Amino acid sequence: MTGATDPQTEFSHKDILSIIFGLMLAMFLAALDQTIVATALPTIGFDLGDVVNLSWVVTAYLLASTTVTPLYGKLSDIHGRGPVLLIAIALFSVGSLVCAVSQSMSMLIFARVLQGLGGGGLISLAQTIIADVISPRERGRYQAYIASVFAVASIAGPLIGGVMAQHIHWSLIFWINLPLGLAAFLVMRRLLSRLPHYGRQHSLDAVGCVLMVIASVAFLLALGWGGVRFAWASVEIVSLFGISFVATALFVWRMLTAAEPFLPLSLLADPVVGPATAAAFLVYGTMIALTIMVPLYFETARGMSASEAGMALMPQMACTVIGAVMGGRCMARFEHYKRPGVAGLAASVVALAILAMLPAEVSLLPKIPLFMIMGVGTGMILPMTTVCIQNAVPMHQLGTATGVSNFFRALGGAVMVAVLGAVLMSALGAGATGDIAELTRGVDTAVLHHAFSWAFATAAAAQAIGLACLLSMRQLPLRTSVREEAETVGAE
Numbered sequence: 001m002t003g004a005t006d007p008q009t010e011f012s013h014k015d016i017l018s019i020i021f022g023l024m025l026a027m028f029l030a031a032l033d034q035t036i037v038a039t040a041l042p043t044i045g046f047d048l049g050d051v052v053n054l055s056w057v058v059t060a061y062l063l064a065s066t067t068v069t070p071l072y073g074k075l076s077d078i079h080g081r082g083p084v085l086l087i088a089i090a091l092f093s094v095g096s097l098v099c100a101v102s103q104s105m106s107m108l109i110f111a112r113v114l115q116g117l118g119g120g121g122l123i124s125l126a127q128t129i130i131a132d133v134i135s136p137r138e139r140g141r142y143q144a145y146i147a148s149v150f151a152v153a154s155i156a157g158p159l160i161g162g163v164m165a166q167h168i169h170w171s172l173i174f175w176i177n178l179p180l181g182l183a184a185f186l187v188m189r190r191l192l193s194r195l196p197h198y199g200r201q202h203s204l205d206a207v208g209c210v211l212m213v214i215a216s217v218a219f220l221l222a223l224g225w226g227g228v229r230f231a232w233a234s235v236e237i238v239s240l241f242g243i244s245f246v247a248t249a250l251f252v253w254r255m256l257t258a259a260e261p262f263l264p265l266s267l268l269a270d271p272v273v274g275p276a277t278a279a280a281f282l283v284y285g286t287m288i289a290l291t292i293m294v295p296l297y298f299e300t301a302r303g304m305s306a307s308e309a310g311m312a313l314m315p316q317m318a319c320t321v322i323g324a325v326m327g328g329r330c331m332a333r334f335e336h337y338k339r340p341g342v343a344g345l346a347a348s349v350v351a352l353a354i355l356a357m358l359p360a361e362v363s364l365l366p367k368i369p370l371f372m373i374m375g376v377g378t379g380m381i382l383p384m385t386t387v388c389i390q391n392a393v394p395m396h397q398l399g400t401a402t403g404v405s406n407f408f409r410a411l412g413g414a415v416m417v418a419v420l421g422a423v424l425m426s427a428l429g430a431g432a433t434g435d436i437a438e439l440t441r442g443v444d445t446a447v448l449h450h451a452f453s454w455a456f457a458t459a460a461a462a463q464a465i466g467l468a469c470l471l472s473m474r475q476l477p478l479r480t481s482v483r484e485e486a487e488t489v490g491a492e
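In terms of the working numbering, the sequence shown is residues 1 to 492.
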């Protein structure tokens, strides 16, 4: 028998806005970090006298944040959302402080790991807390607030990072996190005491957690290094994939035999959670990959400067946010809430297929609307998959389910970046290893267009599979109150 330890499971609109404001601060920390660091990397490498290990500034954070995301979800189910979120904010802020005072690349990389250990919980826990205070039926209405966080971060991050690194000092991109982190900590510390805690006894499967971390780290390293630092068929990459495979097999065995597994396999077998997670893996993965590939296409195949390519990408990014808001509102308004998302994703697949088939001589002008359609269609799926997963699980598994969903989204991004990169290089006939952006410099425009057409076709195919997953997802009625959810779980 479970139930909420705090009887207040319904919140007024004013209460909800206060909580969401604090969560927006926490989410902004993680969202800004994903965009602000990239433009400062060259300056950081020059200042610290180490460009060889510069990629680890990004990789260290990615590895740490991705692998701990499911752990935060599980811990929040055991100890409550509030304490775990405050720990995540504190870890991220301490990591930012160490980053800011780093005097060597090794110290900075260590600090980025620490920062990632905190950052891995910020977005996932924020989404879980939103589910604690807003019913699934109404949750989409608040998507505009969440979408605005990522919109501001995606636009402001590169600009702020570039200006601070070039004209002041790169350490400011980390110092800026301290007042933001302090504000988020103080606001959430005051508000989170009012959240319900669903009192089912849990235990942490440490063995399963360690196996998952080993499998994830090895897999992400193989994807990040394959075709860049080492050839895909090299001993190093094959060994990493082998380690990941063995650890994954042991993880599955552990999940089948543990008294309370770290990740219940029944969760992924659920007719809602499984298809929604797979759809998010593919759709979010292609979105991340195309965010990298499209500017590269503008620069290499269209001859734009870096700033021009960034400006050309903005309509697509803006439409992704618009799509997320539309998707959330459709879920609040329509009984058959899957239909708008299916239509939007189908339009995205068609737009990508057209981009893949257009000849090289077609100007960029008619292509921009196609990128915008893709942005809207992709954006509509993001709130839908999250809300559907949260609506399908009992409240005592809400943190675990949300953490697993975000983990597979991040994993999808890493996989699709590697897949589209491999397709692009294969189409170019490049057998060498190295950075894609460097290997595409100076290549004939017609050859580049042909290669990017294959990349767009691959993205269309991936989203088409995601569409099939979405169509197979069971559509459950969206619950209309958080209290109803708590009572339903308590009655089990």
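Every residue, glycine too, gets a C-beta built ideally from N, C-alpha and C. These numbers come from a predicted model, not from an experiment.
Helix, strand or coil at residue i according to DSSP, with G and I counted as helix
i	result
P477	coil
F334	coil
G80	coil
G403	helix
G226	strand
E361	coil
Q103	coil
V294	helix
R339	helix
N53	coil
H167	helix
D132	helix
S305	coil
A422	helix
A231	coil
L125	helix
L114	helix
V207	helix
Exposed unless 16 or more other CB atoms sit within 10 angstroms - verdict on residue i
i	result
H496	Summary: the structure shown does not reach residue 496, with the chain confined to residues 1 through 492, and so no result is reported for it.
G3	The pLDDT assigned to G3 is 49, lower than 50, so where the model puts this residue is not dependable; a value taken from the coordinates is nonetheless given after this. G3 is buried by the Cβ-count criterion.
I389	buried
G328	buried
F46	exposed
G157	buried
T378	buried
S305	exposed
T277	buried
S472	exposed
S93	buried
L75	buried
L221	buried
H13	exposed
S239	exposed
G242	exposed
L476	exposed
T69	buried
L186	exposed
Spatially closest choice to residue i from the options, by CA coordinates
i	options	result
M188	I20, L448 and V342	I20
F174	L265, L23, D33 and V404	D33
K367	R302, A269 and T458	R302
M105	S426, L122 and P42	P42
P359	A312, G399 and L448	L448
Y297	M311, V163 and F452	F452
I123	T291, L54, L282 and G399	G399
V252	A401, Q316 and S266	S266
N177	F408, A38, V294 and S96	S96
G82	I129, Q115 and S171	I129
R112	Q103, C99 and L470	C99
M384	P394, T402 and M372	T402
G118	A464, I87 and W170	I87
L71	P264, D270, A312 and M357	P264
S216	G22, V387, R409 and G140	R409
I168	A40, A324 and V415	A40
Opening and closing residue of the alpha helix (DSSP H) in which residue i lies
i	result
E260	From DSSP, E260 is part of no alpha helix (DSSP H); its letter is neither H nor E.
D270	Run containing D270: none; DSSP gives neither H nor E here.
M372	K367 to A392
A464	T445 to S472
L17	H13 to I36
R190	N177 to L191
L48	L41 to L48
Presumed contact (8 Å Cβ cut-off) between residue i and residue j, rounded CB distance
i	j	result
G227	G421	6 Å
F262	C209	5 Å
G375	C319	3 Å
A153	T66	Not confirmed; about 18 Å, so no contact.
T502	V419	In the structure as shown, the chain starts at 1 and stops at 492, and residue 502 therefore has no counterpart that could be examined.
Below-8 Å beta-carbon distance, residue i vs any chain D residue
i	result
I288	This model lacks chain D altogether; it includes just one protein chain.
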